[in-house]
Amino acid sequence: MLIREVGILFRGYSLVNVKYHETGKNDETDLRSALFIALINLAETAFSSKKLHYLDGKKYTIAFVEDTIISRDGVEPEPIYAYVIFDKEKKVEKRIRSIIKPLLKKAIERFIEFYSGKFLSKVAQFREFKEELNSIFGTTTKNMDQKFSEILKEK
0 MLIREVGILF RGYSLVNVKY HETGKNDETD LRSALFIALI NLAETAFSSK KLHYLDGKKY
60 TIAFVEDTII SRDGVEPEPI YAYVIFDKEK KVEKRIRSII KPLLKKAIER FIEFYSGKFL
120 SKVAQFREFK EELNSIFGTT TKNMDQKFSE ILKEK
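Reminder that position 78 of the sequence shown reads as 77 in numbering that gives the first Met the number 0, one-by-one numbering, no gaps.
Okay, here's the thing in structure tokens:
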């Protein structure tokens, strides 16, 4: 399994994301973030489903985890989402349940732990969280060549 991108979404915007591998020519982060939120809201409204766990595309799968966070400029907890884009593969539900979902939950819990109660509109403050995402997702972001190269460097 190869993870291509990981991120945190709030109010339709990407607060932080890390791109490990390209997913296409169009790289408009805010546009894609708004699309993700719109799809989640569509699923909740049209299908009465509070939990859209993943979208399976032709080449990639996008998995989501939702939680809530309190922003300093808000009155009550608001939805926040962690997402991951990874290469489509067989047994996607099993992979999401056993690998992706625990990693996403860990990422969103850490984000909430670090940033709950702060102004979430100041995106620059989240740059350092990229290292946290790198730590959480680790080798799942590397392709075979990268993993092999690391093994050779160790010897």
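Idealized CB from N, CA, C, for every residue including glycine.
Checklist line | Proximity below 8 Å, CB of Thr28 to CB of Arg3 | finding: In the sequence shown, the residue the question calls residue 28 occupies position 29. In the sequence shown, the residue the question calls residue 3 occupies position 4. A distance of 8 Å or more separates the beta carbons of Thr28 and Arg3.
Notebook entry, point to check: Can you list, in chain order, the stretches of the beta strand (DSSP E) that have 3 or more residues and sit fully within the segment 28 to 112?
Noted result: For the segment 28 to 112, the full-length beta strand (DSSP E) segments reaching 3 residues or more read 53 to 55, 59 to 68, 77 to 86 along the chain.
Check: Using the C-alpha atoms, what's the distance from Pro76 back to Lys117?
Finding: For this step, residue 117 is matched to residue 118 along the sequence shown. For this step, residue 76 is matched to residue 77 along the sequence shown. Spanning the two alpha carbons is a distance of roughly 12 Å.
Checklist line | Residue from Ser70, Ile98, Leu34 with nearest C-alpha to Lys11 | finding: Working through the sequence shown from its first residue, we reach residue 11 at position 12. The question names Lys, yet the displayed sequence has Gly at residue 11. For Gly11, the closest of Ser70, Ile98, Leu34 by C-alpha to C-alpha distance is Leu34.
Check: Comparing the CB of Val91 with every heavy atom of the ligand FMN, is any distance shorter than 7 Å?
Finding: Looking for the ligand FMN in the displayed structure turns up nothing, as the structure carries no ligands at all.
Margin query: For Leu54 and Leu38, which I take to be in contact (beta-carbon distance under 8 Å), what is that distance rounded to the nearest angstrom?
Written below: Your numbering for residue 54 matches position 55 in the sequence shown. Your numbering for residue 38 matches position 39 in the sequence shown. Contact holds; Cβ gap of about 7 Å.
Margin query: Could you tell me the alpha carbon to alpha carbon distance between Asp86 and Lys58, rounded to whole angstroms?
Written below: Along the sequence shown, one-based indexing puts residue 86 at 87. Along the sequence shown, one-based indexing puts residue 58 at 59. Whole-angstrom Cα-Cα distance: 6 Å.
Next item on the list: Under 7 Å Cβ to Cβ from His52, same chain only, skipping five residues before and after it: list those, please.
Entry: Reading the sequence shown from its first residue, position 53 is the one you call residue 52. Residues Ala62, Phe63, Ile95 of the same chain have their beta carbon placed closer than 7 Å to that of His52, with the five preceding and five following residues left out of the count.
Notebook entry, point to check: With distances taken between CB atoms, is the gap from Leu8 to Tyr80 smaller than 8 Å?
Noted result: On the sequence shown, residue 8 is found 9 positions in, with the first residue counted as 1. On the sequence shown, residue 80 is found 81 positions in, with the first residue counted as 1. Judged by their CB atoms, Leu8 and Tyr80 are nearer to each other than the 8 Å cut-off.
Next item on the list: Would you list the one or two residues that DSSP bridges to Tyr12?
Entry: For this step, residue 12 is matched to residue 13 along the sequence shown. Partner(s): Phe9.
Notebook entry, point to check: Are the Cβ atoms of Ser120 and Asp72 separated by less than 8 Å?
Noted result: Counting from one through the sequence shown, the residue named residue 120 turns up at place 121. Counting from one through the sequence shown, the residue named residue 72 turns up at place 73. Annotated as proximal: Ser120 and Asp72, with beta-carbon spacing under 8 Å.
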